[in-house]
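I have placed the structure first, in the form of structure tokens, so that the comments after it can refer back to it.
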Ligand SMILES: NC(=O)c1ccc[n+]([C@@H]2O[C@H](COP(=O)([O-])OP(=O)(O)OC[C@H]3O[C@@H](n4cnc5c(N)ncnc54)[C@H](O)[C@@H]3O)[C@@H](O)[C@H]2O)c1
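In our numbering, the protein residues as written are 2 to 341.
Here is the structure:
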């Protein structure tokens with residue numbers, strides 16, 4: 002069967018992960034990239050060994066491209082997705098799908114109207130230990146869910162923000178520690194605990210010279226009656242592996258750095274834990290995030306395209322964490338609880 006041609010929008014650090022994944026997957030082939038900086042075209046062509054355009058329409062006009070991977074700055078995802086959808090391409094976008102729920106609604110509608118598949122990369126859903134926990138919780142092994150906590154106490158140095166000035170801005174990063182880094186674990190928490198009714202948030206910029214928060218806490222009330230907390234940051238030296246704690250009436254499961262560290266459920270044997278890959282978590286260093294989970298997400302998207310099915314994280318699923326994070330920001334601003 003012919004390979005699925007891939008075009009990539011963006012040429013930042015995450016694109017190296019795609020290059021690696023695509024080179025290891027038989028079903029896909031990298032066809033071309035788009036960079037908004039004309040001066041970088043030849044440099045990026047040398048690095049990637051494929052055609053690079055500084056005109057997005059030229060990239061989207063290539064009939065050999067069926068899938069567009071959106072990897073530019075978060076607040077530019079929506080515009081890229083809408084253009085790609087209008088050109089009839091399927092889309093796999095980096096997280097966050099966009100930086101507000103309203104902008105996400107626009108891209109969902111655009112993909113629907115153009116009859117193309119839209120997926121979002123929230124790759125930690127593919128971690129093997131997480132999937133074991135998810136299965137047990139969704140099968141009801143914990144009984145009634147009581148409390149879910151996510152702690153993303155990470156660290157980014159000043160150079161991280163200074164290097165690429167879109168980071169930490171409201172317009173292009175949508176905020177900072179919660180919207181960029183915390184979103185992965187917040188997504189995992191929501192996927193296990195269910196939809197959220199209301200939140201109280203308190204976010205602050207305490208160390209970095211950025212608009213968005215580098216320290217934050219949040220309280221959640223879930224629709225099912227359970228409660229939860231979130232702590233996060235990018236000023237929390239040296240940066241600790243993210244933790245996810247799920248408590249139900251029959252017991253609890255705790256994950257750290259994507260691995261199950263506690264499994265204590267009445268009358269349910271602890272499973273023979275799968276040794277997860279050596280992928281790093283990015284707690285202190287964004288370049289230490291491994292590529293295996295991204296590869297699984299791309300494979301899942303290929304399957305969705307071939308079967309005309311739904312990807313693991315659809316637009317609607319990807320919207321949930323962004324809606325909760327923007328509600329935290331709003332709550333912090335008005336110093337009141339916010340209903341979703
Ligand atoms: N899924 C994950 O774990 C993960 C990890 C990292 C980033 N991301 C997402 O990927 C997207 C891009 O993030 P990133 O970290 O790759 O951003 P980045 O700051 O490295 O690059 C973003 C954009 O900046 C420009 N740029 C980058 N390097 C440049 C250079 N040397 N000269 C001129 N312009 C340059 C390019 O237009 C590029 O697309 C974001 O939406 C982010 O949230 C996801």
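The beta-carbon is built from N, C-alpha and C at its ideal position, and this holds for glycine as well.
From a predicted model like this one, the values you see are computed outputs, not experimental measurements.
Which residue marks the beginning of the alpha helix (DSSP H) containing residue i, and which one marks its end?
| i | result |
| --- | --- |
| residue 232 | Looking at the DSSP string, residue 232 is not in any alpha helix (DSSP H); the run it does join, the beta strand (DSSP E), is 228-234. |
| residue 133 | 129-139 |
| residue 40 | Looking at the DSSP string, residue 40 is not in any alpha helix (DSSP H), and its letter there is neither H nor E. |
| residue 157 | Element bounds for residue 157: n/a, residue is neither H nor E. |
| residue 171 | 171-174 |
Would a C-beta distance cut-off of 8 Å place residue i and residue j closer than the cut-off?
| i | j | result |
| --- | --- | --- |
| residue 284 | residue 243 | yes |
| residue 323 | residue 101 | yes |
| residue 191 | residue 321 | yes |
| residue 314 | residue 79 | no |
| residue 319 | residue 98 | yes |
| residue 61 | residue 91 | no |
| residue 174 | residue 123 | no |
| residue 55 | residue 36 | yes |
| residue 169 | residue 231 | no |
| residue 1 | residue 81 | Because the chain is modelled from 2 through 341, residue 1 falls outside the range shown and cannot be assessed. |
| residue 201 | residue 216 | no |
| residue 204 | residue 179 | yes |
| residue 32 | residue 66 | yes |
| residue 300 | residue 93 | no |
| residue 108 | residue 310 | no |
Could you pull out every residue in the same chain whose Cβ sits closer than 8 Å to the Cβ of residue i, ignoring the five residues on either side in sequence?
| i | result |
| --- | --- |
| residue 279 | Note that residue 279 scores 43 on pLDDT, short of 50, meaning its location in the model is unreliable; the coordinates nonetheless yield the value given after this. Once the five neighbours on either side are set aside, the close Cβ partners of residue 279 are 291. |
| residue 30 | 4, 5, 6, 7 and 23 |
| residue 125 | 131, 185, 186, 188, 189, 259 and 294 |
Please confirm whether any heavy atom of ligand 1 lies closer than 7 Å to the CB of residue i.
| i | result |
| --- | --- |
| residue 192 | no |
| residue 122 | yes |
| residue 287 | yes |
| residue 181 | yes |
| residue 72 | yes |
| residue 12 | yes |
| residue 75 | yes |
| residue 83 | no |
| residue 41 | yes |
| residue 96 | yes |
| residue 108 | no |
| residue 7 | no |
| residue 111 | no |
| residue 254 | no |
| residue 36 | yes |
| residue 15 | yes |
| residue 290 | yes |
Tell me where the beta strand (DSSP E) around residue i begins and ends.
| i | result |
| --- | --- |
| residue 3 | Careful: residue 3 lies outside any beta strand (DSSP E) and carries neither H nor E. |
| residue 25 | That residue, residue 25, is in no beta strand (DSSP E); its alpha helix (DSSP H) goes 16-25. |
| residue 62 | Where residue 62 is concerned, there is no enclosing beta strand (DSSP E), given that its DSSP letter is neither H nor E. |
| residue 52 | 52-54 |
| residue 71 | 68-71 |
| residue 220 | 216-223 |
| residue 30 | 29-35 |
| residue 209 | No beta strand (DSSP E) holds residue 209; DSSP gives it neither H nor E. |
| residue 148 | 146-154 |
Leaving aside the five residues before and after residue i along the sequence, list all residues of the same chain whose C-beta is less than 7 Å from its C-beta, in chain order.
| i | result |
| --- | --- |
| residue 273 | none |
| residue 227 | 146, 147, 148, 149 and 194 |
| residue 238 | 156 |
| residue 229 | 148, 149, 150, 190, 194, 221 and 223 |
| residue 332 | 200, 201, 202, 338 and 339 |
Here's a check: name, in chain order, each residue in its chain whose Cβ is nearer than 6 Å to the Cβ of residue i, leaving out the five neighbours to either side.
| i | result |
| --- | --- |
| residue 246 | 150 and 255 |
| residue 253 | 265 |
| residue 336 | none |
Where in the segment 77-126 do unbroken runs of the alpha helix (DSSP H), each at least 4 residues long, occur, reported from the N-terminal end onward?
-> 78-87 and 102-114
Could I get the ranges of all uninterrupted alpha helix (DSSP H) runs contained in the segment 176-200, with 4 residues as the minimum, in chain order?
-> 184-194
Counting only runs that start and end within the segment 235-315, where is the beta strand (DSSP E) found for 3 or more residues in a row?
-> 244-249, 252-257 and 260-266
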